Amino acid sequence: MDPRQVPLVEKYADMFQVGARNMQNFDLLKEVGQTKLPVLLKRGMSATVKDLLMSAEYVLAEGNPNLVLCERGVRSFEDSTRNMLDMSAVRTSRARVICRSSSIRATRRAGRT
């Protein structure tokens, strides 16, 4: 959560995970963007796809292309499942991997539709 801890975590971790509550912690996003470790960025329940993509731009703008966007699911009126996968997010992202939600995996590689 604290950008000052990024260098210490970088020494021991294989990947940074920026949770849904910190997806708008722009100082943290900039700091992890300056590293070479992959960054897992989780989308919060109330965040829009645009919010997620704009947060991702903070990491990419600092030079780190190793970014995974995690779609945790969206709320719906369906009562048999807690969350649903927003497939429109898969179509609009330029990231290599956009989703890892429980047993569902949706990917989109750069340059493919």
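Just so we're aligned, residue 412 is where the sequence shown starts under our numbering, counting upward by one.
Where is the CB? At the ideal position from N, CA and C, for every residue including glycine.
Note that the structure is predicted; figures quoted are calculated from it, not measured.
Exercise. Apart from the five residues on each side of it in sequence, which residues of its chain come closer than 7 angstroms, Cβ to Cβ, to Asn433?
Worked result: The residue labelled residue 433 in the question sits at position 22 within the sequence shown. The residues are Met412, Leu439.
Exercise. For the stretch 437-490, which segments carrying the alpha helix (DSSP H) assignment without a break, of at least 4 residues, lie completely within its bounds, in sequence order?
Worked result: Taking only runs of at least 4 residues, the alpha helix (DSSP H) segments lying wholly in the stretch 437-490 are 437-444, 460-472.
Problem set entry | Which of helix, strand or coil DSSP assigns to Gln435 | Within the sequence shown, residue 435 is the residue found at index 24, counting from 1. Gln435 falls in the coil class under three-state DSSP.
For this session: Enumerate in chain order the residues of its own chain whose CB-to-CB distance from Ala431 is below 6 angstroms, with the five nearest sequence positions on each side excluded.
Result: On the sequence shown, position 20 is the one that residue 431 refers to. Around Ala431: Lys453, Gly455.
Problem set entry | Residues bridged to Val417 (per DSSP) | As a position in the sequence shown, residue 417 is number 6, starting the count at 1. Val417 pairs with nothing; no bridge assigned.
For this session: Please report the Cβ distance between Val460 and Val443, rounded to the nearest whole angstrom; I am assuming they are in contact, meaning their Cβ atoms lie under 8 angstroms.
Result: As a position in the sequence shown, residue 460 is number 49, starting the count at 1. As a position in the sequence shown, residue 443 is number 32, starting the count at 1. Distance from Val460 to Val443 at the Cβ level is roughly 21 angstroms; contact not present, criterion being Cβ atoms closer than 8 angstroms.
Exercise. With C-beta atoms as the reference, is Lys441 less than 7 angstroms away from Glu473?
Worked result: Taking the sequence shown and counting its residues from 1, one reaches residue 441 at position 30. Taking the sequence shown and counting its residues from 1, one reaches residue 473 at position 62. Yes, the pair counts as a contact, with Cβ atoms nearer than the cut-off.
Exercise. Would you say Val450 and Leu478 are within 7 angstroms of each other, going by their C-beta atoms?
Worked result: By 1-based counting over the sequence shown, the position of residue 450 is 39. By 1-based counting over the sequence shown, the position of residue 478 is 67. Against a cut-off of 7 angstroms, the Cβ pair of Leu478 and Val450 comes out as a contact.
Problem set entry | Beta-carbon contacts of Ser466 that lie in its chain and below 7 angstroms, excluding the five residues immediately before and after | As a working note, residue 466 is residue 55 in the sequence shown. Excluding five sequence positions before and after Ser466, the CB atoms of its chain that fall closer than 7 angstroms to its own CB belong to Met434, Gln435, Leu440, Leu452, given in chain order.
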